[in-house]
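This report refers to the structure that appears directly beneath it.
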Amino acid sequence: MATEKTATTGRRKTAVARIQIAPGTGKISVNGKSFDEYFTTVSMQNTVLKPLEVLNAVKNYDVEAKTSGGGLQGQAGALSLAIARALNEFNEANRPLLKADGLLTRDPRMRERKKPGRPGARKRFQFSKR
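Heads up: the sequence shown begins at 12 in the numbering used here, then just goes up one per residue.
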């Protein structure tokens, strides 16, 4: 059980989030910006806060995050996983609550590669009968 700062990593698609979390007042910063300034939509903000909300600990921890790669949605998912892993490190008693909501599981879905002879992964070129 950690008492001071804990560093963890989360990934989603091609996005990576590295965080440092410590007991505090609920301040969350992402790449030097405040969390609600970086993630502008409510759905992304909810994704990031979900692990803290499950444990009723939104105002109990300060999170400092650095995200890279992917888009904002992937970064939000990566950050959520990193926060859940850090909360699990702080207290193993949190594990069943986080696991029940699937917050400790890395989403394995990745972008499918483009295939040769096609314009995309699944799409076919337009068929002309004559």
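In this text, a Cβ means the ideal position worked out from N, Cα and C, and glycines have one as well.
The model shown is predicted, which means the values in this text are computed figures rather than measured ones.
Nearest-angstrom Cβ-Cβ length linking residue i and residue j, presumed shorter than 8 Å
i    : j    : result
N105 : L66  : 6 Å
V27  : A89  : 6 Å
S91  : P119 : Not confirmed; about 15 Å, so no contact.
L83  : M55  : 6 Å
Y49  : N57  : Between N57 and Y49 the Cβ distance is about 14 Å, and since that is not below 8 Å, they are no contact.
Helix, strand or coil at residue i according to DSSP, with G and I counted as helix
i    : result
T36  : coil
R29  : strand
R106 : helix
S91  : helix
S139 : coil
beta-carbon residue i near the ligand FAD non-hydrogen atom, thresh 6 Å
i    : result
P119 : As for the ligand FAD, it is missing from this structure, which has no ligand bound.
Cβ-Cβ distance between residue i and residue j below 7 Å
i    : j    : result
F136 : P127 : no
R23  : G85  : yes
T51  : I32  : no
G35  : Y72  : yes
G80  : T25  : yes
G37  : K70  : yes
L108 : L115 : no
Local Cβ density within 10 Å of residue i, reported as buried at 16 or more and exposed below that
i   : result
A87 : buried
V74 : buried
F46 : buried
V53 : exposed
Other residues of its chain near residue i: CB distance less than 7 Å, five sequence neighbours each side excluded
i    : result
R19  : The question names Arg, but residue 19 in the sequence shown is Thr. Same-chain partners within the cutoff: I30, A93, R96, A97, E100.
I39  : F46, V74
A132 : E123, R124, K125, K126
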